[in-house]
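Asks:
Numbering (the numbering used here), first residue to last: 35 to 481.
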């Protein structure tokens with residue numbers, strides 16, 4: 035057996051939640067050793083040695099569990115090639131693709147296989163898939179078949195999804211979905227905005243972003259979250275709440291968790307770092323559902339993250355082309371494009387609040403990996419996959435939307451100054467080359 039390691043990385047790294055000086059050795063795509071306090075000039079038998087520069091820190095790769103890639107059917111909005119290139123450029127090493135806004139959506143095994151065929155030679159990062167649930171596949175046996183095919187769980191909407199081919203579930207149907215999914219130990223993920231509250235508040239939307247917020251107030255989300263919690267208590271279904279945007283929802287989740295319910299929740303970079311009163315009038319790059327709210331709500335989301343009520347942060351990257359983003363706040367496609375910069379936006383926001391790199395990595399790597407059932411990533415430790423990123427957390431860069439690797443140059447973070455340029459992204463022990471072809475081995479199933 036050869037004593038020659040494949041790769042050795044020497045320098046500052048985030049291991050066990052703290053920054054240390056040390057060395058990581060990598061063989062066959064996995065971390066084989068982490069040594070603390072190694073001298074920079076210590077000899078080592080490795081085919082390649084990477085010595086980190088001053089200011090560089092090695093971190094676990096980011097695991098983004100909420101990404102809309104939109105292929106097939108709406109590839110002009112993004113597609114697997116562009117999305118995973120953008121992800122890798124932002125230090126993201128694992129992406130889970132949502133069941134919409136591709137067409138057909140991932141409501142059947144045939145649609146899942148179509149997605150996998152599209153992605154096979156376009157995946158520059160690890161790539162897995164969520165399934166979906168609406169009335170078309172509820173009670174048909176298809177959910178169990180999708181689960182057995184390796185989807186990570188099932189997404190549903192309580193209000194209209196925004197696309198005609200993907201329906202929503204009224205509360206009685208939601209309970210039926212929960213019971214069916216619980217019967218085989220699956221997981222449900224929910225876009226929680228109450229349709230009755232939305233109908234009651236659908237006021238006049240002007241060019242002012244706050245008018246858009248008032249058309250989908252916090253009460254719409256909090257009412258839905260409360261109802262979901264009641265149904266989780268009745269059914270025992272493992273349930274996750276997507277893109278939480280307000281403090282009232284955090285309070286409902288805190289109450290539910292105190293009862294020991296199997297309920298988890300996420301928020302997103304745009305809710306943590308942007309606010310409705312500083313968004314330029316009529317700028318549809320910021321339109322998303324639920325909307326970006328006030329600084330007071332933002333403060334309550336950060337508190338929910340810090341105290342563990344909110345489990346993690348995922349981007350909800352939801353791009354579209356210029357045609358779909360044109361028009362007014364009332365008519366334009368709702369979604370923020372953030373896959374390449376979301377982690378760095380959260381890092382920047384964390385530092386402003388006296389938090390730091392370890393917190394951002396915990397929320398966007400360790401906790402997201404655990405949520406998705408991955409035991410092999412999300413940390414720098416022996417036995418883990420060598421999915422890593424080299425970041426300069428103290429340096430800054432300016433986001434230019436037209437320089438991002440996403441297909442369409444539209445982003446709510448255009449012009450933002452963020453911490454954390456990425457020097458290198460490593461997946462399975464190999465530096466990602468976005469100019470090379472995608473790797474079929476990057477397609478993954480639920481562990």
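Glycine residues also receive a C-beta, built at the ideal position from the N, C-alpha and C atoms.
Report yes or no: do the stretch 263–272 and the stretch 242–253 share at least 3 C-beta pairs separated by less than 8 Å?
Replies: With the cut-off at 8 Å, the stretch 263–272 and the stretch 242–253 do not touch.
Asks: Please classify residue 81 as buried or exposed, where buried requires at least 16 neighbouring CB atoms within 10 angstroms.
Replies: Classification of residue 81: exposed, given that the 10 Å Cβ count is below 16.
Asks: Whole-angstrom Cβ separation of residue 221 and residue 478, contact assumed at under 8 Å?
Replies: Not confirmed; about 16 Å, so no contact.
Asks: Restricting to Cα atoms, I'd like to know which of 380, 56, 416 and 53 is closest to residue 306.
Replies: Among 380, 56, 416 and 53, the Cα nearest to that of residue 306 belongs to 380.
Asks: Return the Cβ separation of residue 215 and residue 189 in integer angstroms, given the expectation that the two are a contact with Cβ distance under 8 Å.
Replies: About 11 Å; that fails the 8 Å criterion.
Asks: I'd like to know whether the C-beta atoms of residue 16 and residue 354 end up nearer to each other than 8 Å.
Replies: Because the chain is modelled from 35 through 481, residue 16 falls outside the range shown and cannot be assessed.
Asks: So the candidates are 46, 39, 362 and 38; which of them puts its Cα closest to the Cα of residue 423?
Replies: Selected option, being the one with the closest Cα: 46.
Asks: For residue 279, which of 396, 126, 375 and 254 has the nearest alpha-carbon?
Replies: The residue with the shortest Cα to Cα distance from residue 279 is 254.
Asks: On the three-state DSSP scale, how would you describe residue 129?
Replies: The answer is strand: DSSP assigns residue 129 an E or B state.
Asks: Quick check on this structure: which residue in 151, 277 and 200 has the alpha carbon closest to the alpha carbon of residue 170?
Replies: It is 200.
Asks: Quick check on residue 299: does DSSP put it in helix, strand or coil?
Replies: If DSSP states are grouped into helix, strand and coil, residue 299 belongs with the strands.
Asks: Below 6 Å CB to CB, which residues in the same chain sit around residue 191 once its five sequence neighbours on both sides are set aside?
Replies: The answer, listed in chain order, is 202 and 225.
Asks: What's the gap between the Cα of residue 384 and the Cα of residue 174?
Replies: The straight-line gap from Cα to Cα measures roughly 45 Å.
Asks: Comparing alpha-carbon positions, which option in 130, 152 and 394 lies nearest residue 138?
Replies: For residue 138, the nearest C-alpha among the options comes from 152.
Asks: Tell me the DSSP secondary structure of residue 231 in three-state form.
Replies: Looking at residue 231 - three-state DSSP - the assignment turns out to be helix.
Asks: Is DSSP giving residue 476 helix, strand or coil here?
Replies: In this structure, residue 476 counts as helix in the three-state DSSP scheme.
Asks: Residue 238: buried (16+ other C-beta within 10 angstroms of its C-beta) or exposed?
Replies: When all chains shown are included, residue 238 counts as exposed.
Asks: Residue 453 bridges to which residues according to DSSP?
Replies: Bridge partners of residue 453: 430.
Asks: Count the C-beta pairs between the stretch 335–347 and the stretch 401–412 that are closer than 8 Å, then say yes if the count reaches three, no if not.
Replies: Yes, since at least three Cβ pairs between the stretch 335–347 and the stretch 401–412 fall closer than 8 Å, the two stretches touch.
Asks: Could you pull the DSSP bridge partners for residue 94 from this structure?
Replies: Paired residues: 422.
Asks: Below 7 Å CB to CB, which residues in the same chain sit around residue 447 once its five sequence neighbours on both sides are set aside?
Replies: 372, 375, 379 and 433.
Asks: Among residues of its own chain, excluding the 5 on either side of residue 51, which ones have a beta-carbon nearer than 6 Å to its beta-carbon?
Replies: These residues qualify, in order along the chain: 392.
Asks: In whole angstroms, what is the alpha-carbon distance linking residue 316 and residue 246?
Replies: Whole-angstrom Cα-Cα distance: 10 Å.
Asks: In chain order, what residues of the same chain lie with their CB nearer than 8 Å to the CB of residue 330, ignoring the 5 residues before and after it?
Replies: Counting only Cβ-Cβ distances below 8 Å, and skipping sequence neighbours, we find 281.
Asks: Is the stretch 317–328 in contact with the stretch 286–301, if contact means three or more CB pairs nearer than 8 Å?
Replies: No, the stretch 317–328 is not in contact with the stretch 286–301.
Asks: In three-state terms, what does DSSP make of residue 147?
Replies: Residue 147 falls in the helix class under three-state DSSP.
Asks: Can you tell which of 464, 470, 71 and 122 has the C-alpha that lies nearest to the C-alpha of residue 64?
Replies: The candidate whose alpha carbon is nearest that of residue 64 is 464.
Asks: Closest to residue 194 by CA distance: which of 229, 338 and 308 is it?
Replies: When only C-alpha atoms are compared, the closest one is 229.
Asks: Take residue 93 as the anchor and find which of 314, 460, 111 and 66 has the nearest alpha-carbon.
Replies: Closest option to residue 93, Cα to Cα, is 460.
Asks: Starting from residue 215, trace the alpha helix (DSSP H) in both directions and tell me its first and last residue.
Replies: Unbroken alpha helix (DSSP H) run through residue 215: 205–217.
Asks: For the candidate residues 90, 66 and 37, whose alpha-carbon lies nearest to that of residue 453?
Replies: It is 90 whose Cα lies nearest to the Cα of residue 453.
Asks: With DSSP run on the structure shown, which of helix, strand or coil describes residue 102?
Replies: Of the three classes helix, strand and coil, the one that applies to residue 102 here is coil, per DSSP.
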